[in-house]
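Counting in the numbering used here, the sequence shown runs without a single skipped number right up to 289 at its last residue.
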Amino acid sequence: MELQPFLPLAQKFRAVFLDSYGVLKNYKGLIDGVQDTIASLREKGVAIRILTNDASRSQEQQIESFARLGLDGFETHEVITSGMMAKHFLQSKITEGKIAYLGTENSAHYILQSGLQHIAVRDIDLDNIADVSAFVFLDDEGFDWNIDINKTINLLRRKNIPVIVANSDKLYPVSKNDVAVAAGGIARLVESMMNRKFIHFGKPDTQMFTYAYNRLKQRIGPITKKDILMVGDNLNTDILGGNKFGVKTTLVLSGNTREDNAENQINSSGIIPDFISRSIIA
Ligand SMILES: [Mg+2]
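Here it is in structure tokens:
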């Protein structure tokens, strides 16, 4: 598939949905030149939405972290995270008891602030779990792998409660060559040991796309799926999600998918983007 210059392509759409990691930023920080692309899109009146499988930060914290990297001017309504989807679900479905979680207090604070109490799995007394009403895999930090994952399994063996995965990514890149296990990876490990299926939020599930699309229609008026381009570096989340939702998709080669094996990955996965661009700045 031929590489397409990004900006002329994106400007044919009324809205672009951008993945964050591998598209706007990477392990080193902001990808050089993305400010210019964002500014050009805004100038042409193309609406921008960031769709990220990141449950560790609230929308406001996402915006602050972009600003710290040198990308200013994003507004709350432009950022949609898998954490938000998990939060909406918990607010509407879990109405009593305590929500137990694996992750950091910081992410727990924004996702779980629905009026219900929340408790880190490390603080749970397994002999006293009558009031634990749900469990959430929040993020990949803030717990002891050995102690807290074992405790999670024992809790879920003792009590059958809804289990929510706030970020379904299995791995995330930490340097040019290395990855680390993300919350979705830990959740899958526990699922496979327990022969259970948990409730996963984030791309490739389409709930983030539906949410972004509906909100966009409310803000800018009539728009169809044909007017939207999904841009991401990951075939299995961004491109599969965009394809399932029914919008055009662009794979960028600035992150997870390398130029030298993009064709291979597309052929072996069967997940076919409509376009490929080297990055959003090329
Ligand atoms: Mg990405």
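The beta carbon of each residue, even a glycine, is placed where N, CA and C say it ideally should be.
- For TYR108, the enclosing beta strand (DSSP E) begins and ends at 105-109.
- Taken through DSSP and simplified to helix, strand or coil, VAL23 comes out as strand.
- Three or more Cβ pairs drawn from the stretch 134-151 and the stretch 109-118 lie within less than 8 Å of each other, which places the two stretches in contact.
- Between the stretch 177-187 and the stretch 106-116 there are fewer than three inter-stretch CB-CB distances shorter than 8 Å, so the stretches are not counted as touching.
- Short of 6 Å from the beta carbon of LEU247, and not among the five residues preceding or following it, lie these beta carbons of its own chain, in chain order: PRO211, ILE278.
- Note that the C-beta distance between VAL238 and LEU97 is not below 7 Å.
- Shown here for THR59: same chain residues with a beta carbon closer than 8 Å to its own, the five before and five after excluded, namely ASP26, SER27, TYR28, GLN69, VAL86, ILE87, THR88, SER89 in chain order.
- Taking 6 Å as the cut-off, the C-beta of TYR28 counts as close to a heavy atom of ligand 1.
- Apart from sequence neighbours up to five positions away, the residues of its chain that approach ILE227 with a beta-carbon distance below 7 Å are ALA54, ordered along the chain.
- In this structure, the C-beta of ASN241 approaches ligand 1 to less than 6 Å from one of its heavy atoms.
- CA-to-CA, the gap between ALA289 and THR217 works out to about 29 Å.
- Note on ILE106: 16 or more other CB atoms within 10 angstroms of its CB, so buried under the neighbour-count rule.
- Between GLY149 and the set PRO280, ALA190, THR213, the nearest pair of CA atoms involves ALA190.
- Per DSSP, the unbroken beta strand (DSSP E) holding GLN124 starts and ends at 124-127.
- Put simply, the stretch 261-271 does not touch the stretch 42-51. Fewer than three CB pairs are less than 8 Å apart.
- For LEU48, the uninterrupted alpha helix (DSSP H) run begins and ends at 41-50, by DSSP.
- DSSP places LYS35 in the coil class of the three-state scheme, outside both helix and strand.
- Per the C-alpha coordinates, the member of TYR108, ALA137, ASN184 positioned closest to ALA194 is TYR108.
- The stretch 194-205 and the stretch 154-167 touch, with three or more beta-carbon pairs separated by less than 8 Å.
- In its chain, beyond the 5 residues on either side, ARG21, ALA22, LEU223, LYS224 have a beta carbon closer than 7 Å to the beta carbon of ILE230.
- Distances from the alpha-carbon of VAL254 to those of ASN243, GLY262, GLU71, TYR220 put TYR220 closest.
- Runs of the beta strand (DSSP E) spanning 3 or more residues and lying entirely within the stretch 167-249 occur at 170-172, 178-180, 186-188, 235-239, in chain order.
- Proximity of the beta carbon of GLY249 to ligand 1 is not indicated: no heavy atom of the ligand is located closer than 6 Å.
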